[in-house]
Amino acid sequence: MTLYFLKRLIGIVLILFVMSLLVFGITQIMPGNVATILAGQFADASTVAAIEQRLGLNDPAYLQYWRWFSGVVVGDFGQSLVMERPVLPLILEAFASSAILAGLAFVLVTVFGITLGVVAAVRENRFSDHAVSVFSYIGISVPEFFWGIVAILVFARYLGWLPSGGAGNLNDGVLAWVSHLVLPVITLTFTLIAHVSRLTRSSMIDTLRSQYVRNARAKGLPEGHVIRRHALRNALLPTITVLAIDVGWLMGNIVVVEAVFSYPGIGRLLLFAIERHDLPLIQAGILLIAAVYCFANLIADILYGYFNPKIRYGHAAS
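Numbering-wise, the sequence shown is residues 6 to 323 according to our numbering.
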């Protein structure tokens, strides 16, 4: 197992290296020029050229990449061209705010998605199953930004129960801080809960119809014991893989949700950087999201092995 995970870690390093090439290449062909933005609307060509020279934007692409990548290897992501501050603290501060949203959303997706899926499978073709199916179809078919707008209109504007956006401050009290998280978290989770519950239901139904579950029931084991100890453990295997993929989905959707709710996280920071062509911020932000996605898949492999003891990483199955 140690050898397997060592190989996976090496694979992650290679993936991030390739991602760094892709991200750098994309930022090089993006329309716009940060020098023009920094110089101002009425700056002449000589001023823009001087800024380009100072920032090294006229250097060959391979030289710019090497200068950036050699810094990344030692933890130096450069300096924001627009805010003139080190990139790493900016990224980590924004990521910490986003991690709160994504972490809460992931917990809710895991708990409610699996629970709804199990309930629907156990009560197949009954009212509970049909209700979960309708919820799943609606949740999957409607994009997150629509739910965000609906949530703002209903709970913030008309009912006035929750703030419409921004981030709370713990100095104002825990309730005030939490109130700013409720709508963004619900918006993030709605589609993913529908997705996970639908997958769990399908997997659970297949497992409940399997031979070993029928054997467990034939032995006279209580139904609850059969579901928890025999069916659920195996039914969760595909769900675990999908949950790891959903981490990447969360990090992608968080850009939209943070824009809708004006939440100061990594998504909003990336939008700010893209609008102003702040290349170091864009590169660091995307690379960080890619790293989170890679390690989420590694954790999924660990959990997959835990829930399925037949798997022995690094050894052939007997």
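Every residue, glycine too, gets a C-beta built ideally from N, C-alpha and C.
query: Name the two residues that bound the continuous alpha helix (DSSP H) containing Gln216.; result: Gln216 to Ala223
query: Which residue's Cα is closest to the Cα of Ala236: Ile250, Asn258, Val123 and Gly253?; result: Val123
query: Under three-state DSSP, which class holds Pro94?; result: helix
query: By Cβ distance below 8 Å, which residues in the same chain neighbour Phe300 in space, the five residues on each side in sequence not counted?; result: Ile17
query: Let me know the alpha helix (DSSP H) ranges lying completely inside the segment 46-129, each 4 residues or longer, listed in chain order.; result: 50-60, 66-78 and 92-127
query: Please classify Phe132: is it buried, with 16 or more other beta-carbons within 10 angstroms of its beta-carbon, or exposed?; result: exposed
query: Note down, in chain order, each residue of its chain lying with its Cβ closer than 8 Å to the Cβ of Ser102, except the 5 sequence neighbours on either side.; result: Ala172, Tyr268, Pro269, Gly270 and Ile271
query: Hey, how far is the Cα of Gly290 from the Cα of Leu275?; result: 7 Å
query: Please list the terminal residues of the continuous alpha helix (DSSP H) segment that includes Gly272.; result: Ile271 to Glu280
query: Within 10 angstroms of its Cβ, does Ser85 collect 16 or more other Cβ (buried), or is it exposed?; result: buried
query: Rounding to the nearest angstrom, what Cα-Cα distance links Leu186 and Leu106 in this structure?; result: 7 Å
query: Along the chain, where does the alpha helix (DSSP H) containing Ser207 start, and where does it finish?; result: Val179 to Leu213
query: If you check the beta carbons only, do Leu113 and Thr246 fall under 8 Å apart?; result: no
query: Buried or exposed: which applies to Trp166, given that a residue is buried once 16 or more other Cβ atoms fall within 10 Å of its Cβ?; result: exposed
query: Per DSSP, what kind of secondary structure is Leu167 in: helix, strand or coil?; result: coil
query: Below 6 Å CB to CB, which residues in the same chain sit around Gly253 once its five sequence neighbours on both sides are set aside?; result: Tyr298
query: Report yes if the C-beta distance between Val39 and His200 is below 8 Å; otherwise report no.; result: no
query: Which residue from Ala181, Asn174 and Leu27 puts its Cα closest to that of Tyr67?; result: Leu27
query: According to DSSP, is Met24 part of a helix, a strand, or is it coil?; result: helix
query: Measuring CB to CB, does Gly153 end up less than 8 Å from Val265?; result: yes
query: Contact defined as beta carbons within less than 8 Å: I believe Gly144 pairs with Thr196. What is the distance between those atoms, to the nearest angstrom?; result: 5 Å
query: Quick check on the burial criterion: 16 or more other C-beta atoms within 10 angstroms. Buried or exposed for Phe82?; result: buried
query: Measuring only the C-alpha atoms, how far is Val190 from Leu109?; result: 7 Å
query: Considering His235, what are the terminal residues of the alpha helix (DSSP H) in which it resides?; result: Neither: His235 is in no alpha helix (DSSP H) and is coded neither H nor E.
query: Alpha carbon to alpha carbon, how far is Tyr163 from Val92?; result: 40 Å
query: Per DSSP, what kind of secondary structure is Tyr142 in: helix, strand or coil?; result: helix
query: Given a cut-off of 8 Å, decide if Val53 and Thr41 are closer than it, judged by their beta-carbon atoms.; result: yes
query: Please name the residue, chosen from Val137, Ala104 and Asn130, that lies closest to Thr120 on a Cα-to-Cα basis.; result: Val137
query: In three-state terms, what does DSSP make of Ala172?; result: coil
query: Hey, Arg222 and Val231 are a contact pair by Cβ (cut 8 Å); roughly how many whole angstroms apart?; result: 6 Å
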